[in-house]
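In what follows, a structure is listed as structure tokens, so that the remarks can point back to it.
2 protein chains.
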Amino acid sequence: MTSELARNFIAGRRGGAGSIRLQSLDATTGDALPRAFVQATPEEVDAAALAAEAAFPLYSNLPAERRAEFLDAIARELEALDDDFIAIVCRETALPAARIQGERSRTANQMRLFARVLRRGDFHGARIDRALPERQPLPRPDLRQYRTGVGPVAVFGASNFPLAFSTAGGDTAAALAAGCPVVVKAHSGHMATAERVAEAIVRAAEATGMPAGVFNMIYGGGVGEALVKHPAIQAVGFTGSLKGGRALCDLAAARPQPIPVFAEMSSINPVLVLPAALQSRGEQVARELADSVVLGCGQFCTNPGLVIGIASPAFSLFTAQLIAELGQRPAQTMLNAGTLKSYEQGLARLHAHPGVRHLAGQVQEGRQARPQLFQADARLLLEGDELLQEEVFGPTTVLVEVADEAELRRALDGLHGQLSATLIAEPADLAHFAALVPLLERKAGRLLLNGYPTGVEVCDAMVHGGPYPATSDARGTSVGSLAIDRFLRPVCYQNYPDALLPDALKDANPLGIARLVDGETTREPLSR
Amino acid sequence: MTSELARNFIAGRRGGAGSIRLQSLDATTGDALPRAFVQATPEEVDAAALAAEAAFPLYSNLPAERRAEFLDAIARELEALDDDFIAIVCRETALPAARIQGERSRTANQMRLFARVLRRGDFHGARIDRALPERQPLPRPDLRQYRTGVGPVAVFGASNFPLAFSTAGGDTAAALAAGCPVVVKAHSGHMATAERVAEAIVRAAEATGMPAGVFNMIYGGGVGEALVKHPAIQAVGFTGSLKGGRALCDLAAARPQPIPVFAEMSSINPVLVLPAALQSRGEQVARELADSVVLGCGQFCTNPGLVIGIASPAFSLFTAQLIAELGQRPAQTMLNAGTLKSYEQGLARLHAHPGVRHLAGQVQEGRQARPQLFQADARLLLEGDELLQEEVFGPTTVLVEVADEAELRRALDGLHGQLSATLIAEPADLAHFAALVPLLERKAGRLLLNGYPTGVEVCDAMVHGGPYPATSDARGTSVGSLAIDRFLRPVCYQNYPDALLPDALKDANPLGIARLVDGETTREPLSR
Chain X
1 MTSELARNFI AGRRGGAGSI RLQSLDATTG DALPRAFVQA TPEEVDAAAL AAEAAFPLYS
61 NLPAERRAEF LDAIARELEA LDDDFIAIVC RETALPAARI QGERSRTANQ MRLFARVLRR
121 GDFHGARIDR ALPERQPLPR PDLRQYRTGV GPVAVFGASN FPLAFSTAGG DTAAALAAGC
181 PVVVKAHSGH MATAERVAEA IVRAAEATGM PAGVFNMIYG GGVGEALVKH PAIQAVGFTG
241 SLKGGRALCD LAAARPQPIP VFAEMSSINP VLVLPAALQS RGEQVARELA DSVVLGCGQF
301 CTNPGLVIGI ASPAFSLFTA QLIAELGQRP AQTMLNAGTL KSYEQGLARL HAHPGVRHLA
361 GQVQEGRQAR PQLFQADARL LLEGDELLQE EVFGPTTVLV EVADEAELRR ALDGLHGQLS
421 ATLIAEPADL AHFAALVPLL ERKAGRLLLN GYPTGVEVCD AMVHGGPYPA TSDARGTSVG
481 SLAIDRFLRP VCYQNYPDAL LPDALKDANP LGIARLVDGE TTREPLSR
Chain W
529 MTSELARNFI AGRRGGAGSI RLQSLDATTG DALPRAFVQA TPEEVDAAAL AAEAAFPLYS
589 NLPAERRAEF LDAIARELEA LDDDFIAIVC RETALPAARI QGERSRTANQ MRLFARVLRR
649 GDFHGARIDR ALPERQPLPR PDLRQYRTGV GPVAVFGASN FPLAFSTAGG DTAAALAAGC
709 PVVVKAHSGH MATAERVAEA IVRAAEATGM PAGVFNMIYG GGVGEALVKH PAIQAVGFTG
769 SLKGGRALCD LAAARPQPIP VFAEMSSINP VLVLPAALQS RGEQVARELA DSVVLGCGQF
829 CTNPGLVIGI ASPAFSLFTA QLIAELGQRP AQTMLNAGTL KSYEQGLARL HAHPGVRHLA
889 GQVQEGRQAR PQLFQADARL LLEGDELLQE EVFGPTTVLV EVADEAELRR ALDGLHGQLS
949 ATLIAEPADL AHFAALVPLL ERKAGRLLLN GYPTGVEVCD AMVHGGPYPA TSDARGTSVG
1009 SLAIDRFLRP VCYQNYPDAL LPDALKDANP LGIARLVDGE TTREPLSR
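The listed protein sequences derive, respectively, from chains X and W. All letters in the first sequence, in the order written, are residues 1 to 528 by the working numbering. All letters in the second sequence, in the order written, are residues 529 to 1056 by the working numbering.
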């Protein structure tokens, strides 16, 4: 690591004419890292957005196979990032090396998943209704629909996944797969990490002959607002706080041309522990749940922040077991001082509320986060108290004991939108509580049974999304291959000759993809 | 037609406790129709939204086949609407009977198209990634994704298609297909038509055993704002003006929980007449284009409002031919007095602009709209003058002559988003101007060749959408079966037992639908 200045990435070059210097901090010691970062000037924000815009026509019209090769090349470059890189990430985030090594693989494999989606071709959404020249009273023209990229995408990464939800994370992978050049706002919590990842993407872009503006990254506080307002930007991906995400949504909605924002924001991920499960394995559930609450210092979007059960001796015993489990978990270093401060403030709000009791956890002090367990009166859920709906980012959870099944239902009714909702249940519970499932489905993007929500598989079937405020648009996911849909728009060609049609719609079906032709799915070529 | 009061439709009943009476007007004479309509009170708006909310859990969880039967029943009820009904629609809109008869069929067939989509089952978007219990370093859980309705939808119909884009129009059909109950804000321009159509839907709902709140309709000015703000409403479909659509978007974005608005608003539908086509059939193009401009009194979303050509003797001749054609087309009665007034104001703005010349058309006066032709300096497009970007709803179009190919490209670059963009071209033109196609693709949802945009086929491949301000979200369409996507959200089930999974995701594949299983599309049942 040198002490040179680190500049913005604009159209494959580095630029930093500005005078504002930013320091990245060691998450454990608070010391500044030697390298300083140059905040993008307004002209550089503009240049980055225009570089993406300039790259869009060429990049979005490349064959999907070429974009797949680019994503594969990014995957290889990410995997080639060495131990020095791992050390930088660990320093900036205080996350352990094994976790970062795993996240490096996950991030590379995420790129490969989207490469497979591109090769599979279903993302094209090809639909063909052939001409019916003899139809009465009017003939039908030849109509062919496919989906193409919306245009340049702005990406705001998260602090808690410095690789998988950041510079080369799921939003970037999905946008690049969709044919949309990207402008990343580098996360202030891991600027050196972001630089190394951006360099890897630029190397991959060069090696595979991509247009220079396909990837851009800017540093700085406040540059995000200018980026979201830039007329070239056509969509936004964001992972972070409710406040930050909502601010971007409001900015985007107020533009002369409003644009969609896919913000993944705030979720308390309720876990319902049902009676038969408590009866048969309450102690095990308490241990596993405590593991999930403290995993990664509780810094996961899907951390279980609310545990609900029905009053019973078994639930009282479970509460005692959870107190014992969480009371003995060690303190951990958080991602940065700001995260720790937010955690302390969140705990203070819980401590101060007359309807909330502190059950376990050492006094929160010092430079590390201490796991905590609270219990809230059920009426807070029933009355829609905002305190219980707010995510406290860190290793803490809130228990709620409801009187009976009816109250459980009313408590669930009062919940805001969630990324996940979990049932801990035995077959007898499922037989009895099956009616809860449709209710949970309205509240969350992912419903788990007898698991803990803190693992998010990157695959075709994953939904990492959900009703507001979990995300800004329940119709999207920010993890898994469906994430590409957020950045695609349909276009219809009417009576176009084969030569001018996109490959996905040509008669001969040169891509060999499945297409909906006159209402039937087929891979066959067409005769006109 | 009786002179009783016509009340709101709430959960299958009629309610109108309010004191505000609304009159529907004869579009030709301006006379009030005998029947008065009762504006919904705030309590009735609330009741309608809550009725939709109450119906949602049951309705959205019905088998798709049941919803298909409901849509089929609506289609039959619409077709059974008799000559009296046609007479009412004609009176309220001044549209000719043959057009309304055709629109009745189109609207019924639109319902049937969505019934076919429901039976085909691809709307479920079923994806299954099976468990990999032996995977290292971590096992993969069983993950299954499908799509379900977002919740109650508010629908705002259009004046220009009193059937196909109104009470039982494409937004209603798509929302009902998606499993979303609907609250329609009855269009003030055809309240009696809306009543008859709403009665038809209610009959169909009763005959097929749907929950009472599946369809609701409220009358009144200003009730739309309360409807969009209602917490039960989860999405909005709108067809109408840019001003009206944008106002709803802004309301929806400012809610505590923002919701998506799919507004189809303003498009000038550029038609490019290329040199070889002008040379070989300029006169025919002038005639056909004039037909398209005056069709339905120019009251189509896809009416060609801008005609662009490259300066040449052939283009001058074409201009003269278009002058002759449009100069002789008769005046027609518009949908209502407000539409005529807007048309007059739009013409006045064109007349007043120093860069615009009036080429043909009688002085606009009296109770009918007179077709008009204008020519604008190319610099208005090049400089982004807002006047040329604004839709003038009615039988008028604006010619623009550009100097050369380079100027044509710059002029297109300056266009806002469009529903359609048309090339009138011979093969020689296409060989020469192929590079325009990607540019048009960025600007419009539908690209036509040698056709006129005023026909919108209802089918799988249609896109009636496009970048802002054509619509509020380029990722949707309001015509064609893809319209259902706007009202669906994905949900993932993790490790759920078969019995609790939606049918679309059960092992045995009881719906027999195509599913993406471990990355491959198959209709086969699964063994766990």
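Even for Gly, the Cβ is constructed at its ideal location relative to N, Cα and C. What you are looking at is a predicted structure, and each value in this text was computed from that prediction instead of being measured.
Item: Residues of its chain near Ala705 of chain W, where Cβ-Cβ distance is below 7 Å and the 5 sequence neighbours each way are ignored; Value: Arg595, Leu599, Phe642, Val645, Leu646, Ile1012
Item: At least 3 beta-carbon pairs within less than 8 Å: the stretch 555-564 of chain W vs the stretch 742-750 of chain W; Value: no
Item: Contact set between the stretch 670-702 of chain W and chain X, restricted to residues whose Cβ is under 8 Å from the partner; Value: Leu671, Arg672, Gln673, Thr676, Val678, Gly679
Item: Cβ neighbour criterion (16 or more within 10 Å) applied to Lys713 of chain W; Value: buried
Item: Endpoints, beta strand (DSSP E) assigned at Thr546 of chain X; Value: Residue 546 of chain X lies beyond the stretch modelled for chain X, which goes from 1 to 528, so this question has no answer here.
Item: Extent of the continuous beta strand (DSSP E) run through Asp129 of chain X; Value: 127-129
Item: Straight-line Cα distance separating Thr302 of chain X from Tyr1024 of chain W; Value: 18 Å
Item: For Ser948 of chain W, three-class secondary structure by DSSP; Value: strand
Item: Alpha-carbon to alpha-carbon, Asp988 of chain W and Gln321 of chain X; Value: 57 Å
Item: Cβ-based contacts, 7 Å cut-off: residues of the stretch 55-74 of chain X near chain W; Value: Pro57, Asn61
Item: Same chain only: Cβ atoms within 6 Å of Met265 of chain X, ignoring 5 sequence neighbours per side; Value: Leu242, Gly245, Pro469
Item: Buried/exposed call for Ser808 of chain W, threshold 16 Cβ in 10 Å; Value: exposed
Item: Val926 of chain W vs Phe902 of chain W beta-carbon contact at 8 Å; Value: yes
Item: Close Cβ partners of Glu325 of chain X (< 6 Å) along its chain, the five nearest in sequence each way excluded; Value: Ala286, Arg287, Ala290
Item: Asp611 of chain W classed as buried or exposed, judged by whether at least 16 other C-beta atoms fall within 10 angstroms; Value: exposed
Item: Assumed close pair Ala428 of chain X, Ala276 of chain X - CB separation to whole angstroms, cut-off 8 Å; Value: 4 Å
Item: Exposed unless 16 or more other CB atoms sit within 10 angstroms - verdict on His464 of chain X; Value: buried
Item: Beta-carbon separation (whole angstroms), Gly224 of chain X vs Arg99 of chain X, contact threshold 8 Å; Value: Not quite, the Cβ-Cβ distance comes to about 27 Å (not below 8 Å), so this is no contact.
Item: Any C-beta of chain W under 8 Å from that of Glu457 of chain X; Value: yes
Item: For Tyr1021 of chain W, the residue or residues it bridges with in DSSP; Value: X:Leu447, W:Arg672
Item: Alpha-carbon spacing of Thr2 of chain X relative to Ala204 of chain X, whole angstroms; Value: Note that Thr2 of chain X has pLDDT 46, beneath the 50 cutoff, so the model's placement of it is unreliable and no number is given.
Item: Proximal chain W residues relative to Pro260 of chain X, where beta-carbon distance stays under 8 Å; Value: Asp1001, Arg1003
Item: Coil, strand or helix - Gln279 of chain X by DSSP; Value: helix
Item: Contact set between Val965 of chain W and chain X, taken where Cβ atoms lie within less than 7 Å; Value: Leu500
Item: Chain W contact for Leu447 of chain X (CB, 8 Å cutoff); Value: yes
Item: Alpha-carbon spacing of Gly384 of chain X relative to Val182 of chain X, whole angstroms; Value: 39 Å
Item: Neighbour list for Asp1031 of chain W in chain X, Cβ cutoff strictly below 7 Å; Value: Within 7 Å Cβ-Cβ: nothing; Asp1031 of chain W doesn't reach chain X, min ~13 Å.
Item: Reduced DSSP category for Met1 of chain X - H, G, I as helix; E, B as strand; rest coil; Value: Since pLDDT at Met1 of chain X reaches only 41, below the 50 mark, its modelled position is unreliable, and the value read off the structure follows with that caveat. Looking at Met1 of chain X - three-state DSSP - the assignment turns out to be coil, as it is neither helix nor strand.
Item: Cβ-based neighbour list, Ala722 of chain W, same chain, cut-off 7 Å, excluding 5 preceding and 5 following; Value: Ser694, Thr695, Ala714, His715, Met745
Item: Identity of the residue in W:Leu550, W:Ala575, W:Asp554 nearest Gln567 of chain W by Cα; Value: W:Leu550
Item: Where Ser1000 of chain W falls, given that 16 or more other Cβ within 10 Å makes a residue buried; Value: buried
Item: Segment contact flag, the stretch 574-590 of chain W with the stretch 532-543 of chain W, C-beta cutoff 8 Å, min 3 pairs; Value: yes
Item: Test: Val991 of chain W CB closer than 8 Å to a CB of chain X; Value: yes
Item: Rounded straight-line distance, which links the Cα of Phe843 of chain W to that of Ile851 of chain W; Value: 12 Å
Item: Glu911 of chain W at chain X interface by Cβ criterion, 8 Å; Value: no
Item: Proximity to Leu586 of chain W [Cα-Cα], best of X:Thr454, X:Ile513, X:Gly512, X:Pro438; Value: X:Pro438
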